[in-house]
Every structure is written in structure tokens, then in C-alpha cells.
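In what follows, a structure is listed as C-alpha cells, so that the remarks can point back to it.
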Amino acid sequence: MPEDRRLVSILFADLVGFTALGSQTDPEVLREQMARYFERMKAVAELHGGTVEKFIGDAVMVAFGVPRAHDDDAERSVRCGLAMQESMAVLNLELRTDFSLRVGINSGETAVKSGDDGHFIVGDPVNVAARLQQGAEPGEVLVGYLTEHLTRRAIVYQPHGRLPVKGKVEPILAFRAVRPRSAIPRQSRGVGDLRAPLVGRERELRLLLDVFGRVAEDRQTHLFTMVGNAGIGKSRLVEEALARMATEFSPRILQGRCLPYGEGITYWPVIEILREDAGITMEDDRETAIRKLDNRLASIGQVSEDQSVLARRLIVVLGLEPADTAIPEVPAAEVVTELAWSLRRYIEAVASQNAVVLVIDDLQWAEPAIVELIRQVTRRARLAPVLWICMARPEFLEQHPNWGAGLVNASLITLNPLTRPETSTLLSGLLDIEDIPSVLQGSILERSEGNPLFCEEFLRMLIEESRIVRVDDRWQAATGAVEVRVPETIQALLISRLDTLLAAERRVLEAASIVGERFLPEQIRAICIDIDVDSALDELLAKGLVVEDTTGGDVVGLRLKHLLLRDVVYGGLAKRSRADLHDRFAIYLESATSDRGAEYAEIIAYHAALAFSLTREMRLSGNVLSRRARGALRWDLFLGERAFARGDRRLLADFISNARSALEADPGDRFDTDRVRLRLLEVEQFGAAGRYDEAAATAAEVVREAEGLERRDLAAAAHLATAKIELERNPSSVLFQHHAAEAGQLFRLTGDRAGELEAEWLTVLWRLGSGEGQAALHAAIRLAERAVELNDKSRAAARFATTATFAAQAGLPQKASECVQRASTLASEAGARLGRRLVLAQAMLDTLMGDPERAVDRLRQAVVAADEDGSSTLSLKRLLAIELIRLRRYPEAEAILEDALRRSQDSGELWNRS
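To convert, note that position 626 of the sequence shown is 622 in this note's numbering; the numbers rise steadily by one, no gaps.
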């Protein structure tokens, strides 16, 4: 039976005069009345999220926080007690009785044992709750001190005085609950519910609203970037702008954020946007997530012809399936471009129904891939009312000085610190305090440095130290509050603030700093296994260091009040503690995400890598180092292989470096297979960089190592990689034929039909490139047909498109036309997007059919599109130059050939030069 210690709120309710009533009422009538009473009280309790633990005579015991804790369990319990009193009054009218109810509520840490027949809850809070119920007057709800402390922002109380309790030396402090402060639960955290007003940002707010007005009116896409230091007020300004937009225009608002510390967390902000729009949650399994995405695509109604194409690419973006299986027809180097295309089409479709606002926070932590994706989407956007709002710190512009350059639909503003008068206005707005001593006010203004965050946090500390107090509904400076203990910088301010916390509260913040700015209570419980996280979180909520995350209008979890707070807490952690916490969180995430591990792989790998690197840095050894090295290696190899499939060279290099470090830290025989996988990635890395000699040498070593391990699958992959290198480096080399043949044979022996087909296709490509003619064309068509037989329509479509190009080059218009038709049909059936392959084939057909001008126009458009997408243009430019030469437009052809030749030489490829 699971046991734990947790913060719960216990409610006892008891009918007044039940004993006397029983002697005056017929037993059957009394039984019916009591059944109605218990039924009504149970319904009220469950409506508020409580668990009815027992009925004892006429008494009811309800637990809040068991079996599942809520951040507002104390508030729920008090609201439940008040609702029980109201329900009792209604029940009296229905039964024509005059029952009355006493309710007592108390909160605190209890010991809970859960089993099949309920929960066994023991502890002082349970006893005190029963005593409070006994001390209440008929119709009253009495609560203890902790309950009142946790709910005073939500419930109106009157002091009741102290109640003597048997077994306690001192009477307990009790409060009478009067009414909720709001009809709908709305938690108010922090000291005095301080909230910084928007001060000194009228011009920026007006500009942002004007931009959105133009976006909505002209139905155009716009990129709006806001740059400013941490705490300067970017989020507050955007929050105000979004609120006004929602009131005036009701746009679709979707938000994502770049995670602050992690290499390799590439598409996370886009994933958050897609999840929010499609209603995908972390609890959804892979099938549910895909179904929700499909349903959303269907509901949009503007992408019916592209729905399958979009779905398969968006599945890759969401991490639900790797690119090489979801979109195998797309070359690795073109995956990022394809993902950008799918996101653009998706956003345009959503915007066809209503204006869309996409908010990307903390862009300074974005990976290059997400930065380029935003560039591509905004550059190539069609006429659609979409406003991108990107928030970043100044270092983002240092990393990307040309951000937004060349885009007519882009704006960039910088938020500067507030002036001293504006900061003074902010201070007054926060506290509505006029008689603050000038010395104290000057100190606050000076230390705040025009940063709203500094000002707000400074005041919170003064309030908690009782240097600023509430008197007669007004804030006043306490006597002698002239000189204050204040740090020189914001970092010192936050460290001092953290030092005032209890040990448990500090540990929870440390755990939260590992998870990120936003987190769920269960994530912290998984990391902090020996403290009462719920109690600590409640205190942190009351102190304003942690607030509810109301993204999208609903409470979806918790977040640190400021990201800078995370920086300071994380920086104060001992490295050994960091390693332990990263390790625990990586294990938790891997378990929690289950079959969606691929979607969260980059985050899991980030924490596993840090756990390992910190462990190694601290010179730890033995099982701890070995286990963490294995964990980091496993995820780095997985992500390295995925980065290669997506064509992300920079990430591939990072993961290769990390994996190499993990192997070096704990070399052993058990790592031999992983070492071969790593070397295969190095081969691909060298080849992508045009370092063909190194790639070939490494591939040869990998072949020997794989054969030594008797791993035919790895040997096949190594031979295939070598064949690809030789095809680019020296197409006429016999080495290519040897390795392609070896790869095909090994793939056959291992039963890998897809690998076998790939090896055969490389051979056919070599034959086609060598000008073999009809025989090679027939072989290519046979391989395409084999892909159809294997139900791999995407690969078959790509093969037919490539074959069409060579058929056109061979002067076989009918054969080329047939292949183009087959490719188009199969691509449509599979939801594949062939792009350049079909353009090449169609351009060649144009020439054969006597329309070279159309071929030139088609190729020029394809070159422009490829340039915008960042795709390779070598094949397109080579064919374009050939067509221009046929038209005797020699100067144009010469310029294009010179550029293409330079690019080919820089990359080291020979295919287009051979």
C-alpha cells in the first residue's frame, strides 16, 4: 500500500442535535432524511474535488489533496464547507426540516496510506479539524490558521479567537469563513497581490496594436520582434497587447517558448504552438496525439488537398515519428525546409478562419533551426493575417545581427529601462503609497535601475520584512524604515530573497530550476523524493516566487515568477547536486513520456548529457559514472541519427561530440556496438562537409569493426555509407560498385528490404549517371515498381520522378511522361511532396516538346524557390545553363555555370561536374 506525507485539508461536518432528533423521528423517516443528507454532502464534496473518507453517524469526513493534490486544496475545502451550509438550507426546504450544520476545516501535513478500500489519514491536522467542528456554532465554518493563511486571498474571514484543544498546551487560532471573494475560484498569490501596472510603454503598446490592426485589415503576415533585458517588461507589454487584441479582434492566440538552457531542444516552441492549437497534452499517447492533429487539420477545412502531406511533416515536427520513416521521400538535407513549408501551410490554414497571433518567448535561446524556420515562414508567407511576436534578450541580436533584414513585413523594437519618474510611477502603482520616506524611495528607485522586475521584487522583500506594512487599507513605511538591507544588483537581490526561504522551499526551487521556468508539481515530486513538496509549493506561491501558469486562460501548472530567478537558483547549486537532479529528471521524463519518448528525446538527452558531464567534471567514478555515461550515449546516438535524417549538420556535430565524450569516460566492450554507430555518424558528418577522404577512411574502419562484431546490419549500413561517398567523390570508382553490392547482399541477409532497395537504387543511379541508357532506365523503373509492391508509395514516387529526368535526358519523351504521371499519382496517394524532382523532369519534357523557354522559366522559378528554402541548387542550375546554351543565351549560361561550379568545388561533390 503506497504511503506518503502530504499537505491535505480535512473537513468535518456534523448535524446539530442529531441524537435528540433520533428520539423524536420515525426510524424509516430518519433513515430517508439521513440518506438524502449524506447524498447531498457527498455530491458537494466531490463537486469541489474532495474525497469522502467516511460517514460516522451523522458526521462526514472529507479530505482534499487525497489521492491527488491540487494547488488550491485549502481553498476548495473552505468553498466546500460554505457550499455545504448553503446546500443544507436547500435540503431543509425540501425535507421541511430544521437541520443545522457545524463545519471544521484544518490543513497540514499528514501521513496517508492508500489502499483498495480508501485512504487512511492520520496526523494532528485531522484531530484539529475535528475539534474545530466541535467548536463551531450551528451554521458556521471554522478553519485553522494554516487554512486561513493559504486562502486569505480567496476567502473573507472574521477572527473567531482561540479554541482550547485537549492535548495541546496552547489554544488554537480559529477563523470564521464568511464568503468567497469571487464566485469563480481565482487564486491570488503573493504579498498583497502586487501586480506591476504597465508604465512607460504607451508608445510601444500603440505600435504593436497598430501592427496587428494592419495585419488583420490587410490580411498580411508580419514579424514583430521585441528586444530587452530580463525583467524589462517584455512579457508584461505583450500580455497587455494580447488582452486588448482579444477584446477588440478575438484572434487565435498561440504561444510557445524556447527552452533556456539546452542545446538540441530545436523545435520546442513550435511543438508547444501545435499542441496548444490541436489540443494535444503530455498525457496523450502517440496515437491520440496523431488523431488530434488529424482532427484539427480536418476542422481547418482549407488544406484538404495537402492534409496527408501536412500531417506527415507535422508529425515529424512534433517528434512523434522520425523524418526518415514519416517522409522517406525527402532527402535529409531538405527536411528542415519541408518542415518549414508544413508549418507555413498550417498557419495559413488556421489564419484563413481568423487572424492568428503567434508568440515566441525567449528567442535568444532558440536553436539555429528554429530561427531559420521563422525566417522561412515569414519570408514565404502568403497573404494571411498572422502576427509573429518574438521576445528576446539583447544577446539574440549579437548572435543574429541581420535578423529581419530584407523583410518588408518585419519590425523590431528595443525596450529600454524606465526613466526615474516612470519607475516612481510604477512604485506608486504597485503599493499606492504616498508617504514613503524620500530616502527609502530614492534607494528603491536607484536599486531598481528602471527595471520593473527589480522594483517589484524589492517591494515584496520589504513587505515580508514588515518594513512596509498595510494600515487601514493603505501601505505605509514602518517606523525607522529609512535604511534597508538591499543588494547592489538584481542577482544579489534574488540570492538574498532565496536565503530567507525554508530548506524545503529552497530545494523545490532548485528542482524547478532543473525542470525549467514552467513545471508541474508531479515533476518536482519526482526529483525531490524526501520532502513535502506540496507544502513548500504553497509557501512559494504565497511568497510570489512561484505563480500559477494560466497559459490559454486555464491553470495548466506552475511557473517561476521570473526566469532570472531560475538562473540564480541554478547557479547556486553545487555541481554534484546539479548532476543528481538532472539525472533524476531525465529518468522521470523517460518514464512519463512512455511511447512518446521520441517527442521528448531532446529534453531527455539534454538532462542526461548534463548529468554525465557534471559527474565527469566532479571526478566521480564507478557505477554512477558508468550508468550516466550509458544514458547520455544512448540518447546522443539516437538524436544524432535523427539530426542526420533531418539534415541538421550542426546538431549532428554536437551529438557526435557528446557521444564521443561518453565513450571516452567509460570505455568497455559493452560499448562496441555504440562505438560503431558513432563512427557511422562521423562518416555521414564528414561526407556532408565534403571531407570525402576522411569519410572513406572512417567508413572502411567501421566496416571492419562491424564485421568483427558480426553485426551484419551495421556492416550493411557502413557499406551503404561508403557507396554514397564514392558516388559523390568519384562516380567512376570500382569502390562504389563493390560497397553498393556488399551493402545490398548484407541487407538481404538481414531481411532489411528497405536497405536492400536503397543499395540497388544507388547502383541504378550510378548506371544512369554513366549514361547506360535504356537498360538502366528499365532497371530504375523496376526498382520503383518494387517500392510500389512493398507499399512504399512515397519512395516509389521519388524513384519515378528521378527516372523521368533521365528518360527526358535520353530523349524519350513518352517514357518520361509516363514516369511523371506515375510519380504524380503515387505522390498524391501517399501525400508526398516531390518538389524539385518533378520540376527537373517537367523542364526536360518541355525541351523535348519544343518549348525551351517554358523549361527555362520553370527552372528559374525552381532555383528561386530552392534558394529561399536553403536547398541545393546545383542540379537545377546545371540544367538551366544547358537550356540557356541551347537558346544561345551564352552570357546568362556562363554566369550560372561559374556560380554552380564554385559551389560544387566548395562542397567537394563531383556528380554535377562529371
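All C-beta atoms, glycine included, are put in the ideal place defined by N, C-alpha and C.
Please go through the same chain and pick out, in chain order, the residues whose beta-carbon is closer than 7 Å to the beta-carbon of residue i, but skip the five residues on each side of it.
{"i": "residue 310", "result": "270, 289, 338, 342"}
{"i": "residue 484", "result": "Because residue 484 carries a pLDDT of 31, less than 50, the predicted location of this residue cannot be relied on, and the following value inherits that uncertainty. Cβ within range, chain order: n/a, list empty."}
{"i": "residue 740", "result": "752, 755, 756"}
With DSSP run on the structure shown, which of helix, strand or coil describes residue i?
{"i": "residue 720", "result": "helix"}
{"i": "residue 153", "result": "strand"}
{"i": "residue 186", "result": "At residue 186, the pLDDT of 34 sits below 50, so the modelled position is not reliable; the number obtained from the coordinates is stated separately. Three-state result, residue 186: coil."}
{"i": "residue 796", "result": "helix"}
{"i": "residue 245", "result": "coil"}
{"i": "residue 117", "result": "strand"}
{"i": "residue 217", "result": "strand"}
{"i": "residue 59", "result": "strand"}
{"i": "residue 462", "result": "coil"}
{"i": "residue 258", "result": "Summary for residue 258: the model assigns pLDDT 39, below 50, so the residue's position carries little reliability; its value from the coordinates is reported in the next sentence. Three-state result, residue 258: coil."}
{"i": "residue 636", "result": "helix"}
{"i": "residue 222", "result": "strand"}
{"i": "residue 7", "result": "strand"}
{"i": "residue 553", "result": "strand"}
{"i": "residue 132", "result": "coil"}
{"i": "residue 195", "result": "coil"}
{"i": "residue 467", "result": "strand"}
{"i": "residue 806", "result": "coil"}
Between the alpha carbons of residue i and residue j, how many angstroms are there, rounded?
{"i": "residue 872", "j": "residue 687", "result": "24 Å"}
{"i": "residue 376", "j": "residue 287", "result": "29 Å"}
{"i": "residue 219", "j": "residue 385", "result": "6 Å"}
{"i": "residue 921", "j": "residue 839", "result": "A question about residue 921 goes unanswered here, because the residues of the chain that appear run from -3 up to 910."}
{"i": "residue 399", "j": "residue 393", "result": "7 Å"}
{"i": "residue 596", "j": "residue 315", "result": "7 Å"}
{"i": "residue 329", "j": "residue 501", "result": "47 Å"}
{"i": "residue 391", "j": "residue 360", "result": "6 Å"}
{"i": "residue 887", "j": "residue 856", "result": "16 Å"}
{"i": "residue 544", "j": "residue 319", "result": "36 Å"}
{"i": "residue 660", "j": "residue 364", "result": "28 Å"}
{"i": "residue 155", "j": "residue 137", "result": "12 Å"}
{"i": "residue 175", "j": "residue 12", "result": "21 Å"}
{"i": "residue 352", "j": "residue 249", "result": "6 Å"}
{"i": "residue 784", "j": "residue 294", "result": "28 Å"}
{"i": "residue 2", "j": "residue 116", "result": "12 Å"}
{"i": "residue 605", "j": "residue 619", "result": "16 Å"}
{"i": "residue 499", "j": "residue 517", "result": "17 Å"}
Over what stretch of residues does the alpha helix (DSSP H) that includes residue i continue unbroken?
{"i": "residue 752", "result": "749 to 765"}
{"i": "residue 103", "result": "No alpha helix (DSSP H) contains residue 103, which is instead part of the beta strand (DSSP E) from 97 to 111."}
{"i": "residue 599", "result": "597 to 613"}
{"i": "residue 160", "result": "Run containing residue 160: none; DSSP gives neither H nor E here."}
{"i": "residue 691", "result": "688 to 704"}
{"i": "residue 510", "result": "499 to 511"}
{"i": "residue 313", "result": "303 to 313"}
{"i": "residue 325", "result": "It is not in any alpha helix (DSSP H) - residue 325 carries neither H nor E in the DSSP assignment."}
{"i": "residue 282", "result": "282 to 296"}
{"i": "residue 589", "result": "571 to 589"}
{"i": "residue 276", "result": "Segment: none, residue 276 is in no alpha helix (DSSP H) and carries neither H nor E."}
What are the boundary residues of the beta strand (DSSP E) that residue i is part of?
{"i": "residue 531", "result": "Per DSSP, residue 531 belongs to no beta strand (DSSP E); it is in the alpha helix (DSSP H), 529 to 539."}
{"i": "residue 251", "result": "248 to 253"}
{"i": "residue 392", "result": "Segment 391 to 395 is the alpha helix (DSSP H) holding residue 392; no beta strand (DSSP E) there."}
{"i": "residue 68", "result": "Residue 68 -> no beta strand (DSSP E), and no H or E assigned at all."}
{"i": "residue 168", "result": "168 to 176"}
{"i": "residue 138", "result": "137 to 140"}
{"i": "residue 544", "result": "542 to 545"}
{"i": "residue 52", "result": "47 to 52"}
Leaving out five residues on either side along the sequence, give the residues of the same chain with a beta carbon under 8 Å from the beta carbon of residue i.
{"i": "residue 503", "result": "524, 527, 532"}
{"i": "residue 671", "result": "659, 701"}
Kindly list the residues whose CB is nearer than 6 Å to the CB of residue i, restricted to its own chain and excluding five residues on each side of it in sequence; keep chain order.
{"i": "residue 610", "result": "571, 574, 575"}
{"i": "residue 79", "result": "40"}
{"i": "residue 509", "result": "562, 565, 566"}
Shorter than 8 Å, the distance from the beta carbon of residue i to the closest heavy atom of the ligand FAD, or not?
{"i": "residue 337", "result": "As presented, the structure is devoid of all ligands, the ligand FAD included, so that no description of it is given."}
Uninterrupted alpha helix (DSSP H) stretches inside the segment 347 to 425 (no shorter than 4 residues)
364 to 375, 391 to 395
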